[in-house]
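Encoded as structure tokens, the structure appears first; notes follow it.
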Amino acid sequence: MNQLIERFFNYTFYQTPTRRGRRLSHNRAREQLLAQQLQRDLQALGLREVTFDSYGAVSAWLPGNEGVSAPVLGFIAPLSADDHAADTAVHPQLVECYRGGDIALGQGDAVISPVRVPELHALIGQTLITGDGTRAMGCEATAGITVIMSLLEQLQTQPHGDVHVAFVPAGERGRDALVALSQKALRVDYAWCLSGGVPGELAWENRHQSTVEIKIAGSAQHSALAAAFALHQTWLQHGGVATDVLKMRGDGLHTELTFQLCEREQVVLDQRLSALAQCCQQQHQHGLQFQFESRYTARNMAAVNTAHNAVIELARQAIDEQQLTLTTPLARDDSLSIALVTAGTPCAQLFSGGYLQRTPQEFVTLEGLQHSVQVVMGICRQALGLSQESAA
3 MNQLIERFFN
13 YTFYQTPTRR
23 GRRLSHNRAR
33 EQLLAQQLQR
43 DLQALGLREV
53 TFDSYGAVSA
63 WLPGNEGVSA
73 PVLGFIAPLS
83 ADDHAADTAV
93 HPQLVECYRG
103 GDIALGQGDA
113 VISPVRVPEL
123 HALIGQTLIT
133 GDGTRAMGCE
143 ATAGITVIMS
153 LLEQLQTQPH
163 GDVHVAFVPA
173 GERGRDALVA
183 LSQKALRVDY
193 AWCLSGGVPG
203 ELAWENRHQS
213 TVEIKIAGSA
223 QHSALAAAFA
233 LHQTWLQHGG
243 VATDVLKMRG
253 DGLHTELTFQ
263 LCEREQVVLD
273 QRLSALAQCC
283 QQQHQHGLQF
293 QFESRYTARN
303 MAAVNTAHNA
313 VIELARQAID
323 EQQLTLTTPL
333 ARDDSLSIAL
343 VTAGTPCAQL
353 FSGGYLQRTP
363 QEFVTLEGLQ
373 HSVQVVMGIC
383 RQALGLSQES
393 AA
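In our numbering, the protein residues as written are 3 to 394.
Here's what the structure looks like:
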């Protein structure tokens, strides 16, 4: 079996729920087991300062070759996909030399069809790894881990500068772990987060995001809950969308609403926040008490990344070397790269070869994994050139 495929299958095992550690959720328990395995694998590769911290994150350092000077690079992957509902086993299957047509998933009726997934037409002849159609396979985590571990293995015989790696939990714990690591074990010049994405994908921008908490106090004459529904309708009339409201709860006396507003441009987000505040003010005239609190929960990482353009250019050049078509989508609002940029480290989100992420039809290609390994190898190689050019 191909070594990349074998490594991918081995790490996919840890996306399967375990009954160990009954006090932990399925997600937490399998993340912990995978972290412990990665700790052993990193030590076997001879990395230094291999650490399993209180956040459940694993970090390590591969020192540069003697006499090599280059920027310090970081590569990051999540330990699991953010798939809290997953409580069934993952059963990956190998489709060698895909010939076209539907791909059966497991023993049921689930399929991946090129009618619904036209990207399959371009993958004829390639090797695909799919799940069994019952749940997401978690390949945005497993693929990134596989690529980084393969990179570390190949760097053993290649010239390279200092390389730091980190594998962090999904969700808020992972973002907190990265912020803490950026002050200690992950002090790097540039970083890339490998969390899925089709070959050629590089994301260095996201949306500004603000969370708004609105508390309404009603009275015997004016229902707080009715006012909340009225506020929602007023917001929709002002150009808002239903998905802006994350939650609404309460009764006639006390009701709370949580809005989440996202925009690519800061000025547009501020305008929408002002419009929402004005909608509250209109309802306030009806004798209700409103408490309006907003906070920025994510900033567009483009400002930091374009100011330290090498994080983009190193990856772009490495992607070009592989003759891949560069695509530059916005990073997801929960991307780990945003947390690292917020802490002050330039960080972009880089592909690892996955398609249809976080769906039961999720799959990855061997060729995509291979391209991803070659791209991160290319980044390390280009970084040496950057050091030599800057020193000249």
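Glycine included, each C-beta is placed from N, C-alpha and C at the ideal position.
Predicted model, so just to flag it, every value in this text is computed and none were measured.
May I ask you to report which of helix, strand or coil DSSP gives residue i?
i, result
"C141", "helix"
"P80", "strand"
"G252", "strand"
"C382", "helix"
"V149", "helix"
"E121", "helix"
"R189", "coil"
"R25", "Because the pLDDT at R25 is just 43, under 50, the model does not fix this residue reliably, and the value given afterwards should be weighed accordingly. Reduced to three states, the DSSP call for R25 is coil."
"V74", "coil"
"Q372", "helix"
"R50", "strand"
"A244", "helix"
"W206", "coil"
"T129", "coil"
"T14", "helix"
"V377", "helix"
"A112", "coil"
"T236", "helix"
"E8", "helix"
"Q38", "helix"
"L388", "helix"
Taking the alpha carbon of residue i as the point to measure from, which residue in the options has its own alpha carbon closest?
i, options, result
"D43", "G146, F11 and L154", "L154"
"Q45", "V167, F365 and T344", "V167"
"L47", "L326, P348 and A62", "A62"
"H210", "L255, G163, L263 and K217", "L263"
"G140", "R189, Y192, N12 and H123", "N12"
"S337", "Q158, Q324, T299 and L278", "T299"
"S184", "G370, Q34, V149 and V343", "V343"
"R30", "L204, S197, S82 and D191", "S82"
"H224", "F292, A244 and Q160", "F292"
"Q324", "A312, I216, C282 and V375", "V375"
"A309", "C282, E295, P348 and C281", "P348"
"E215", "D55, P80 and A279", "A279"
"L6", "V119, I147, G108 and V60", "I147"
"R50", "P116, L64 and V117", "L64"
"G387", "R297, E315, R266 and G102", "E315"
"D178", "Q284, A341 and I114", "A341"
"D104", "A91, E121, K186 and E267", "E121"
"L188", "G355, M151 and I78", "I78"
"A333", "E265, T159 and N311", "E265"
"G356", "Q285, G102 and V200", "V200"
"L271", "G108, H373 and G242", "G242"
In chain order, what residues of the same chain have a beta carbon less than 8 Å from the beta carbon of residue i, not counting five sequence neighbours either side?
i, result
"D246", "W237, F261, Q262 and L263"
"A317", "W194, L204, A350, L352, V377 and I381"
"C282", "I216, L233, F292 and F294"
"T257", "K217, I218, G220, A226, L227, A229, A230, M250 and R251"
Below 6 Å CB to CB, which residues in the same chain sit around residue i once its five sequence neighbours on both sides are set aside?
i, result
"A277", "H240"
"Q95", "T132"
"Q319", "Q384"
"S296", "S212, V214 and L275"
"T14", "V92, P94 and T144"
"L40", "V60 and F169"
Grab me the residues of residue i's own chain with a C-beta within less than 7 Å of its C-beta, minus the 5 sequence neighbours each way, in chain order.
i, result
"G127", "C99 and Y100"
"N4", "L368"
"G66", "A72, H162, G163 and D164"
"G202", "I321, L326, T327, L328, T329 and F353"
"G110", "G135"
"V190", "V74, L75, G76, H166 and T347"
"V306", "V343 and P348"
"R175", "Y57 and G58"
According to the Cβ coordinates, are residue i and residue j closer than 8 Å?
i, j, result
"F365", "L130", "yes"
"V378", "V149", "yes"
"A222", "L290", "no"
"A304", "W206", "yes"
"A124", "L371", "no"
"Y57", "P171", "yes"
"F169", "A37", "yes"
"A345", "L196", "no"
"E8", "P80", "no"
"V52", "L358", "no"
"A106", "V117", "no"
"G198", "L227", "no"
"V208", "N311", "Note that residue 208 corresponds to Asn in the displayed sequence, not to Val. No, Cβ-Cβ distance for N208 and N311 is not below 8 Å."
"V313", "Y192", "yes"
query = What residue ranges within the stretch 298-368 form continuous alpha helix (DSSP H) runs of no fewer than 4 residues, ordered along the chain?
reply = Qualifying alpha helix (DSSP H) stretches, in chain order: 304-309, 312-323 and 338-344.
ask   = Which runs of the alpha helix (DSSP H), 4 residues or longer, sit entirely within the stretch 261-295?
value = DSSP assignment within the stretch 261-295 yields the following whole alpha helix (DSSP H) runs of 4 residues or more, N-terminal first: 268-286.
ask   = Of all the beta strand (DSSP E) runs that stay within the bounds of the stretch 149-183, which reach a length of 3 or more residues?
value = The qualifying runs are 165-170.
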